[in-house]
């Protein structure tokens, strides 16, 4: 807190008054950015000041977590350092995408790369990174959520084929891993190339694999419980579901 007998206009413009003391003539001010102020340039200056204050702490936190982020990315984007064999479904799915690209004469590498990124890393892994409570019985508070959002954004940038042009006004979460992303991108490219070199999976082998997975996990799922959850959902949203059904029928007739 800062006490001032006569606060200058520049201080008053960017720091909101909390309570005036009418007897002594002093005023109490919080040293925080005034988000309601109309002067955009003053707000930008305050935001820049806050960013610089926390930059050292931000870099220290990144240094602490760097090894864990590297280990995570290397494990995901590797066919050798996984602790277990690459699931057959991934190889089968990537080969299917390559076959479709060949069938439609799509030779652009970026297109094939984007297809594979969208169907696995960006569809599955980003959700797991951003929402660990989907997998683990944990509580994710707002601070943890913000940190995981930075890691998830870095993960998405690593899967992109476009160049990320950054400047001094770029957000800190983009600048934080800017030097690491080219290395992560090389891991993604190597991962897709290594999978392409693996022996093809036949339809019979894939069917046998899925049947074996169903057998192994048969006792882990309760079909009646799943039906109960679906029933509860339909009961709650039955009016919306009926209206949506009628709307689809009307569109078909049109």
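Numbering (full-length UniProt numbering), first residue to last: 1 to 254.
Where a beta carbon is used, it is the ideal one built from N, C-alpha and C, also for glycine.
Collapsed DSSP secondary structure at residue 99 in the structure displayed: Here residue 99 is taken as the residue at index 99 of the chain shown, counted from 1. The answer is helix: DSSP assigns residue 99 an H, G or I state.
Three-state class that DSSP yields for residue 85 in the structure shown: What you label residue 85 is simply residue 85 of the chain shown in a count that begins at 1. Reduced to three states, the DSSP call for residue 85 is coil.
Cβ-based neighbour list, residue 127, same chain, cut-off 7 Å, excluding 5 preceding and 5 following: Taking the chain shown and counting its residues from 1, one reaches residue 127 at position 127. These residues qualify, in order along the chain: 134.
Three-state secondary structure assigned by DSSP to residue 36: In the chain shown, counting from the first residue as 1, residue 36 sits at position 36. Model confidence at residue 36 stands at a pLDDT of 48, short of 50, so the residue's coordinates are unreliable and nothing is read from them.
Contact the stretch 53 to 71 vs the stretch 170 to 184: 3+ CB pairs below 8 Å: yes
Exposed unless 16 or more other CB atoms sit within 10 angstroms - verdict on residue 64: Counting from 1 along the chain shown, the entry for residue 64 is found at position 64. Classification of residue 64: exposed, given that the 10 Å Cβ count is below 16.
Buried versus exposed call for residue 190 [16 or more other C-beta atoms within 10 Å across all chains shown]: Along the chain shown, read from residue 1 onward, the residue named residue 190 stands at position 190. Residue 190 is exposed by the Cβ-count criterion.
Residue of 141, 119, 151 minimising C-alpha distance to residue 129: What you label residue 129 is simply residue 129 of the chain shown in a count that begins at 1. The residue with the shortest Cα to Cα distance from residue 129 is 151.
Nearest residue (CA-CA) to residue 70, options 132, 214, 115, 177: Stepping through the chain shown from its first residue, residue 70 is reached at position 70. If we check each option's Cα against that of residue 70, 177 comes out closest.
Rounded distance between the beta-carbons of residue 98 and residue 112, thought under 8 Å: By 1-based counting over the chain shown, the position of residue 112 is 112. By 1-based counting over the chain shown, the position of residue 98 is 98. Correct: roughly 7 Å between the Cβ atoms.
Test item: CB-CB of residue 154 and residue 181 under 8 Å: Locating residue 154 in the chain shown gives position 154, where the first residue counts as 1. Locating residue 181 in the chain shown gives position 181, where the first residue counts as 1. Yes, they are a contact pair.
Terminal residues of the alpha helix (DSSP H) in which residue 113 lies: Here the question's residue 113 lines up with position 113 in the chain shown. Unbroken alpha helix (DSSP H) run through residue 113: 109 to 119.
The stretch 194 to 207 contacting the stretch 76 to 89, beta-carbon criterion three pairs below 8 Å: yes
Spatial distance of residue 78 from residue 228 (CA atoms): The count along the chain shown starts at 1 and reaches residue 78 at position 78. The count along the chain shown starts at 1 and reaches residue 228 at position 228. Distance between the alpha carbons of residue 78 and residue 228 is about 39 Å.
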